[in-house]
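Input: a single structure, listed below in structure tokens.
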Amino acid sequence: MLEHIKTAVALAAEKVGDVEFCALDATRCEREFLKNAIEAAVENGAKTISICDNAAEMLPDAFADFIAEIKAETDAEICVSCDNKNGFALAAATLSIKKGADAVKTAISGNIVPLDIFSNMIRNCGNNFALSARVKTTEIYRIAGQIGRIISG
575 MLEHIKTAVA LAAEKVGDVE FCALDATRCE REFLKNAIEA AVENGAKTIS ICDNAAEMLP
635 DAFADFIAEI KAETDAEICV SCDNKNGFAL AAATLSIKKG ADAVKTAISG NIVPLDIFSN
695 MIRNCGNNFA LSARVKTTEI YRIAGQIGRI ISG
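When we follow our numbering, the leftmost residue of the sequence shown carries the number 575, and every step to the right adds one.
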């Protein structure tokens with residue numbers, strides 16, 4: 575598998591300048607393998623590593639600590655994708671930022687951190703940990719609602 579990661583990331587890096595390696599289901603992966611997979615991806619051109627908690631099996635504080643460990647071992651940008659099966663996605667993403675994550679994957683619909691809720695959290699709580707964005711939350715809510723109506727058909 576590590577050879578496949580090296581080959582795929584290297585090929586992608588030849589084609590584009592910014593390669594993202596997504597470690598799906600990373601929270602259930604053997605830690606040593608995950609570390610080796612991230613190293614292989616970075617060494618072959620990945621600039622961003624997305625750590626995904628597809629199983630939603632970690633509580634937010636444990637996930638944030640998991641991200642902090644990964645962040646300490648790489649210079650790559652760390653992005654998180656948190657599943658909301660247990661209702662903890664926003665908390666896990668927020669605590670991960672506090673522990674060093676550089677980005678959070680959000681969505682209009684689906685089971686990851688909702689874009690409108692995340693932008694609202696930044697507006698309401700971002701000053702507590704030096705996080706800010708020039709986001710018009712009213713527009714986010716309006717646009718997210720429109721897209722939601724379009725895709726729900």
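Backbone N, C-alpha and C define an ideal beta-carbon position, used for all residues, glycine too.
- According to the DSSP assignment, V654 belongs to the beta strand (DSSP E) that extends over E651 to C656.
- Given a length threshold of 4 residues, each whole run of the alpha helix (DSSP H) inside the segment 597-644 is given here in chain order: 605-617.
- For the pair N618 and V583, the CB atoms are nearer than the 7 Å cut-off.
- Residue state for A677 is assigned as strand, using DSSP reduced to three classes.
- Around the CB of M695, 16 or more other CB atoms lie within 10 Å, so the residue is classed as buried.
- Sixteen is the threshold: when 16 or more other Cβ atoms of the shown chains lie within 10 Å of the Cβ of F692, as they do, the residue is buried.
- When the beta-carbon positions are compared, A650 and I623 come within less than 7 Å of each other.
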